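Protein chains: 2
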Amino acid sequence: MNDSLRRFSINQMTVKQLSLPELVDACLELGVPGVGLWREPVRQYGVAAAAELVRGAGLAVTTLCRGGFLTAIDPGERARALDDNRAAVEEAATLGTDTLVLVSGGLPAGSKDLHGARERIADALAVLGPYAAEHGVRLAIEPLHPMFASDRCVVSTLTQALDLAERFPAEQVGVTVDTYHIWWDDQAPAQIARAGAQGRIHTFQLADWTTPLPEGVLNGRGQLGDGSVDMREWKGYVEAAGYTGPIEVELFNEALWARDGREVLTETARRFVEHAG
Amino acid sequence: MNDSLRRFSINQMTVKQLSLPELVDACLELGVPGVGLWREPVRQYGVAAAAELVRGAGLAVTTLCRGGFLTAIDPGERARALDDNRAAVEEAATLGTDTLVLVSGGLPAGSKDLHGARERIADALAVLGPYAAEHGVRLAIEPLHPMFASDRCVVSTLTQALDLAERFPAEQVGVTVDTYHIWWDDQAPAQIARAGAQGRIHTFQLADWTTPLPEGVLNGRGQLGDGSVDMREWKGYVEAAGYTGPIEVELFNEALWARDGREVLTETARRFVEHAG
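So the protein sequences, as listed, match chains A and V. The UniProt record's numbering applies: residue 1 is where the first sequence begins, and numbers increase by one. The UniProt record's numbering applies: residue 1 is where the second sequence begins, and numbers increase by one.
Written out as structure tokens, the structure reads:
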């Protein structure tokens, strides 16, 4: 294995044009030691089969993305969300990863109550945290950029994520530190230190910030080095906070998806070494 | 004048399809007492002529938008930005408004240094603050939503705006409180209180948050009541902080611009009464 890629993990979404076996092959060929997996393609392939494929190749599964969407008010919807998150915990355990990333959910239709939505997330974590810990899985609340606050994730900052996580033991609930979502926030470095001191940095993900943002803003995550984020600066913050684990590159980007997946993986590994190695 | 519109001011950009005389006519007809003006259309009409037109109609000019763009590194570019902002101060004084809104500027090309950019804004304010005060004009730093941090405004939160403003007297530098930019931020209510206690709420603007965001995200500001923002809640925060001044509605929205301007103004006044009256 290429030592400069020792901490590199490719999030499956970055090269979603590759099937799971293609992704595994490409990782072996390039010396990529870890993958972050997504539930939908994994379930399509079969969770047990995916676990066997990845384990057989000696790849680490650094995270499973994603659980969450815990902000519903309707009791039936809430029960279904909890069931789905319990299933996600079981899938994570089967895949051999200790980290399930949570995208908490946006405002229910017609609601303007961010505080109430955040409290419903806490209520759900009180159920899911112990369940996850029983399965050897930690929940990693991901603050999403404030531009997603209404429709995807009412947890917009590391401060808010930690305010939630701290209500639970660190082995149950921590946070996802993703440069794309927090790079603009001058309070984030201190919050990374806070998270590290509590052992709550459960995963560290990289993407660059590029503009103009595309319509809907979801698929505008930039290749490392193409945008405004100093990857080494943020890597320095998490390292200073004691985090020495894998570093996932997670890009949602139509232009990258339109290209050959192996080529994108090769480029991403090279950019990782150049900007965060 | 309709008393429920007593504090309403229409930002010119909301109905940019109207010429300045058309805007003034429509305001008089509907009983709208104030307008927030923009430099480009005002200069096109002539600053002195615009001042006479608006004053003759008895309309208050609640703000002039906008100065700023103070983050350049290049000395020539910085000098030009200062000159341009001095001109904006003079235009504000001519128009009879005491408030010049500042959009601070994004990262210079190739730079990833948000902190440095914010410090260059402070350097510029040290020059422009006294100049503005001499002309009876206050500068109102507008934190823009974090999605604009790289390309438009490195000041992303009220906290950051106040950290900058506090280096100067309140009669020189304060902040713009705009619901669109801060609605997601659970620290904003406390920052509004901080701003109010210091007499630094220089203007209060409303727009709603609607999704999906359009490409480039600039022109997605929603009509009041169409989105996720509880206008009365935010009005309550600024009032509790002692702000009793005009409330501007500022929408950049392609769909509104495509409609008849008077109709949009009528609708906006109605929405103001319904959601913030």
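Where is the CB? At the ideal position from N, CA and C, for every residue including glycine. Because the structure is a prediction, the values reported are computed rather than measured.
Going by DSSP in three states, residue i sits in which element: helix, strand or coil?
| i | result |
| --- | --- |
| R259(V) | coil |
| residue 326(A) | This structure cannot speak to residue 326(A), because chain A is shown only from 1 to 277. |
| S228(A) | coil |
| V54(A) | helix |
| A132(A) | helix |
| T210(A) | coil |
| V154(A) | coil |
| G236(A) | helix |
| G277(V) | coil |
| residue 344(V) | Lying before the first or after the last residue shown, residue 344(V) is absent from chain V, which here runs from 1 to 277. |
Hey, quick one: how far does the beta strand (DSSP E) through residue i stretch, first residue to last?
| i | result |
| --- | --- |
| R138(V) | 138-141 |
| D178(V) | 173-178 |
| V101(V) | 99-103 |
| A60(A) | 60-68 |
| V42(V) | From DSSP, V42(V) is part of no beta strand (DSSP E) but of the alpha helix (DSSP H) over 39-45. |
Using C-beta distances below 7 Å, list every residue in its chain close to residue i, excluding the 5 sequence neighbours before and after it, in chain order.
| i | result |
| --- | --- |
| R152(A) | V103, G106, L144 |
| Q17(A) | W257, G261 |
| A133(A) | E171, Q172 |
| T159(V) | Q187, Q191 |
| A276(A) | L206, L224, M231, R232, K235, I247 |
| A122(A) | L164, R167 |
| L30(A) | L265, T266, A269 |
| E274(V) | G225 |
| G96(V) | A51, R55, V61 |
| T244(A) | none |
| L23(V) | Q12, V15, V35 |
| V217(A) | M147 |
Who pairs with residue i in a beta bridge, going by DSSP?
| i | result |
| --- | --- |
| E248(A) | S9(A), Q205(A) |
| G36(A) | N11(A), T63(A) |
If contacts are defined as beta-carbon pairs under 8 Å, then residue i and residue j qualify, I think. What distance do you get, rounded to the angstrom?
| i | j | result |
| --- | --- | --- |
| G222(V) | N253(V) | 7 Å |
| T176(V) | Q205(V) | 6 Å |
| H202(V) | T99(V) | 5 Å |
| L5(A) | V32(A) | 6 Å |
| L64(V) | R39(V) | 7 Å |
| V155(A) | I141(A) | 6 Å |
| Y45(V) | V89(V) | Actually they do not touch by this definition, with Cβ atoms about 19 Å apart. |
| V101(V) | R66(V) | 5 Å |
Using a Cβ-Cβ cutoff of less than 6 Å, which residues in the same chain neighbour residue i once the five nearest sequence positions on both sides are dropped?
| i | result |
| --- | --- |
| W234(A) | T179 |
| V42(V) | A50 |
| E166(A) | none |
| G242(A) | G196 |
| R200(V) | A165, A170, G174, V175 |
| R7(V) | P246, I247 |
| A161(V) | I141, P143, V155, V175 |
| N85(A) | G67, L128 |
| G220(V) | L213, P214 |
| F69(V) | A81, G105 |
Measuring only between beta-carbons, confirm whether residue i sits less than 8 Å from chain D.
| i | result |
| --- | --- |
| E215(V) | Looking at the structure shown, chain D is missing, and the protein chains on hand are A and V. |
Just curious, the alpha helix (DSSP H) that residue i is in, first and last residue?
| i | result |
| --- | --- |
| L162(V) | 158-165 |
| L95(V) | 75-95 |
| A188(V) | 188-197 |
| L23(V) | 20-30 |
I'd like the list of long-range same chain contacts for residue i, defined as Cβ closer than 8 Å, with 5 residues on each side in sequence excluded.
| i | result |
| --- | --- |
| S150(V) | G106, L107 |
| I10(V) | L23, C27, V32, G34, V35, G36, E248, V249, L265, T268, A269 |
| G136(A) | A93, D98 |
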